[in-house]
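These notes concern the structure reproduced below.
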Amino acid sequence: MAQLIKQGQLVSNDEWHLIEDDAIIADYGIISLKRWQENAAALLPLAQAGKIGLLLNSDETADQIGDDCRQFVLIAVNFPKFSDGRGYSTARLLRERHGFKGELRSVGDVLIDQLFFMNRCGFNSFALRDDQDLNDALAAFATFTVSYQNDVNDPRPLFRRR
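Residue 142 in the numbering used here sits at position 143 of the sequence shown; the count goes up by one each step and never skips.
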């Protein structure tokens with residue numbers, strides 16, 4: 000089981016779990032985009048009740064879910080390998096273009112080196128790879144004290160923050 004940081008805090012017990020496409024949907028299950036697209040009408044009440052989340056793989060874009068993202072309380076974005084950065088764009092688009100306000104969780108090959116930048120793109124929950132040190136992970140959010148560019152958390156560039 001992955002180690003979880005949520006809103007800057009360690010979480011030891013998390014109810015959310017991935018559900019395979021052929022499995023029965025249970026509360027706090029995270030379903031695939033394909034399953035959502037094929038059964039959206041039937042699954043909509045569960046999503047609105049906060050009982051299911053959505054998984055976006057790296058080859059699936061934010062535009063494929065679009066404004067339906069607002070139906071979910073949790074969207075997990077998969078990073079299949081460290082060098083695959085498509086999830087950063089997905090996160091930013093979900094937050095800025097589609098107005099997603101819920102929990103945005105990075106899953107997969109999530110390393111400490113990525114946390115500061117994932118946070119800037121809109122992730123607020125991080126399922127770390129099991130070999131990552133949690134104390135180092137929490138410290139990673141303070142890697143830099145100032146960023147020149149804007150981000151999801153503060154849309155003003157540095158010169159506007161003075």
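From the three backbone atoms N, C-alpha and C, an ideal C-beta is built for every residue, glycine too.
Asked, Found
"Uninterrupted beta strand (DSSP E) stretches inside the segment 15 to 66 (no shorter than 3 residues)", "28 to 31 and 51 to 55"
"Per-residue burial, Q148 [other beta carbons within 10 Å of its own, 16 or more giving buried]", "exposed"
"Inter-residue CB distance, G28 and R69 (contact presumed, cutoff 8 Å)", "Not a contact, Cβ separation roughly 19 Å."
"When A136, I18, A39 and E59 are compared against L93, the one with the closest alpha-carbon", "E59"
"Between the CA atoms of W35 and A141 - distance to the nearest angstrom", "36 Å"
"Delimiting residues of the alpha helix (DSSP H) encompassing L73", "Not the alpha helix (DSSP H): L73 falls in the beta strand (DSSP E), residues L73 to F78."
"Beta strand (DSSP E) segment containing L127, residue limits", "S124 to L127"
"Alpha carbon of H16 to alpha carbon of R160, nearest angstrom", "40 Å"
"Per DSSP, the bridge partner or partners of L137", "None; L137 has no bridge partner."
"Limits of the alpha helix (DSSP H) - the one that S88 falls within", "R85 to E95"
"N- and C-terminal bounds of the beta strand (DSSP E) containing R155", "From DSSP, R155 is part of no beta strand (DSSP E); its letter is neither H nor E."
"L9, DSSP secondary structure in three states", "strand"
"Whole-angstrom distance between A136 and S11, CA atom to CA atom", "15 Å"
"Backbone secondary structure at Q70 - three-state DSSP", "helix"
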